[in-house]
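First the structure, in the form of structure tokens, and then the observations on it.
Residue numbers (our numbering): 667 to 959.
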């Protein structure tokens, strides 16, 4: 690698923040990695696992003289965090984030980091797992996965290049797009599936015969609902932050369900088979392309 991070700060050393730290340590591009966050126990674990070199007393102290700061916290914590670190950011410090929504993060940065927009590079790694905390962190989590950057018009080329290089050092494939385009896309392909998984498990669990239903659930139910094991706090914040695009996607999905319900009511097996055949072909094409990539 032809770049180097003298001081990397991870605020929120969980699955994503911890994996980012471990990946950059493995790549040999970070001299010192400093961690900060709400949970002292999690930070001690991060130190024990080698994800960070030391624990800062708070986020404001952590970012002093940093080259790169990663905000890897739920989007609901972002406003308070930005307010806390704003007075302590140096002119050379680049700030990025790993939030699953971008429009809200950009709006918060404009409000709370107005003097630092040239060095702010919003980002979103398309990787994760149902487990959370630094104990689930993995240096290879981002390898071969996509990361989306959504630089602002004010973002400087140096800042974008540093964050791009950092993600590439993690093994990620990096794409760029506008924040609003990002939020529309991920409302459809990520946020809606998570909402549906949570809803299905909640529906089964709330029924009088819920235990009986779960006792007969097998691979299909497990695979469909796997993502319902994700962090409730994180997904609450994501759904609320991307509320309007997600509502649009939910309406489109409800319309599709209504179409299928009508086919079932009418006993229209031919129509159902056409829908299922198109869906299977589209999924197989997507899987084949993913395997080629």
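Even for Gly, the Cβ is constructed at its ideal location relative to N, Cα and C.
* Nearest-angstrom beta carbon gap, residue 852 and residue 766 [assumed within contact, 8 angstroms] -> Indeed they touch by this definition, with Cβ atoms about 7 angstroms apart.
* Asked: What's the C-alpha gap between residue 901 and residue 682?
  -> CA-CA distance, residue 901 to residue 682, rounds to 14 angstroms.
* Give the C-beta separation of residue 695 and residue 835 to the nearest angstrom, bearing in mind that I take them to be a contact with Cβ-Cβ under 8 angstroms. => Residue 695 to residue 835, Cβ: 5 angstroms. Contact.
* **Selection from 676, 730 and 739 that minimises the alpha carbon distance to residue 897** => The candidate whose alpha carbon is nearest that of residue 897 is 739.
* To do: Determine the direct distance from the alpha carbon of residue 895 to that of residue 749, and round the result to whole angstroms.
  => So the alpha carbons of these two residues sit roughly 31 angstroms apart.
* Asked: What's the C-alpha gap between residue 815 and residue 911?
  -> Taking the Cα positions, residue 815 is about 19 angstroms away from residue 911.
* **Alpha-carbon to alpha-carbon, residue 919 and residue 865** => Distance between the alpha carbons of residue 865 and residue 919: 14 angstroms.
* residue 947 and residue 837 closer than 8 angstroms at C-beta -> Cβ distance not < 8 angstroms, so residue 947 and residue 837 don't count as in contact.
* To do: Could you tell me how far apart the beta carbons of residue 700 and residue 718 are, in whole angstroms, since I believe they sit closer than 8 angstroms?
  => Going by Cβ atoms, the distance from residue 700 to residue 718 rounds to 6 angstroms, so yes, they are a contact pair.
* **Where the beta strand (DSSP E) through residue 812 begins and ends** => Residues 812 to 815.
* Asked: Residue range of the beta strand (DSSP E) that residue 700 falls in?
  -> Where residue 700 is concerned, the enclosing beta strand (DSSP E) stretches over 696 to 702.
* Under the three-state DSSP convention, the category residue 611 falls into -> The question about residue 611 has no answer, for the chain in this structure spans 667 to 959.
* Indicate whether residue 737 and residue 744 have their beta-carbon atoms separated by less than 8 angstroms. => Yes, these two residues count as a Cβ contact at 8 angstroms.
* **Beta-bridge pairing of residue 786 - partner residues as DSSP gives them** => In the DSSP output, where bridge partners are listed per residue, residue 786 has 761.
* chain B within 8 angstroms of residue 909, Cβ atoms only -> Reference to chain B is not applicable here, since this structure consists of a single protein chain.
* Asked: Taking C-alpha atoms, which residue in 772, 802, 774 and 811 lies nearest to residue 791?
  -> Closest option to residue 791, Cα to Cα, is 811.
* To do: Go through its chain and collect everything with a Cβ distance to residue 936's Cβ below 7 angstroms, but skip five positions before and after it.
  => Nothing meets the Cβ criterion.
* To do: Rounded to whole angstroms, what's the CA-CA distance from residue 833 to residue 847? Just pull it up for me.
  => Taken atom to atom, the span from the alpha-carbon of residue 833 to that of residue 847 is near 21 angstroms.
* For residue 755, name the three-state secondary structure that DSSP assigns. => Residue state, collapsed to three classes: coil.
* Asked: Short check: CB of residue 711 to CB of residue 801, under 8 angstroms?
  -> Result yes, Cβ atoms of residue 711 and residue 801 sit closer than 8 angstroms.
* Would you kindly report the start and end of the unbroken beta strand (DSSP E) that includes residue 675? => Following the DSSP letters along the chain, one finds residue 675 inside the beta strand (DSSP E) bounded by residues 671 to 677.
* With DSSP collapsed to three states, give me the class of residue 791. => In the structure shown, residue 791 adopts extended strand secondary structure according to DSSP, grouped into three states.
* What residue does the beta strand (DSSP E) around residue 736 start on, and which one ends it? -> It spans 734 to 737 - the beta strand (DSSP E) in which residue 736 sits, taken as one unbroken run.
* Bridge partner(s) assigned by DSSP for residue 842 -> Bridge pairing for residue 842: 815 [DSSP].
* What three-state label does DSSP hand residue 718 in the structure shown? -> Correct three-state label for residue 718: coil.
* By Cβ distance below 7 angstroms, which residues in the same chain neighbour residue 631 in space, the five residues on each side in sequence not counted? -> This structure leaves residue 631 out entirely; the chain is present only between 667 and 959.
* **Through-space distance from residue 941 to residue 922, alpha-carbon basis** => CA-CA distance, residue 922 to residue 941, rounds to 10 angstroms.
* Label residue 915 either buried or exposed according to how many other C-beta atoms from any shown protein chain fall within 10 Å of its C-beta, with 16 as the threshold for buried. => It is buried - the Cβ of residue 915 has at least 16 other Cβ atoms within 10 Å.
* Does the distance from the CB of residue 778 to the CB of residue 761 come in under 8 angstroms? -> No, the Cβ-Cβ distance between residue 778 and residue 761 is not below 8 angstroms.
* Asked: Exposed or buried, residue 831, counting other C-beta atoms within 10 Å across all chains shown (16 or more means buried)?
  -> Buried is the call here.
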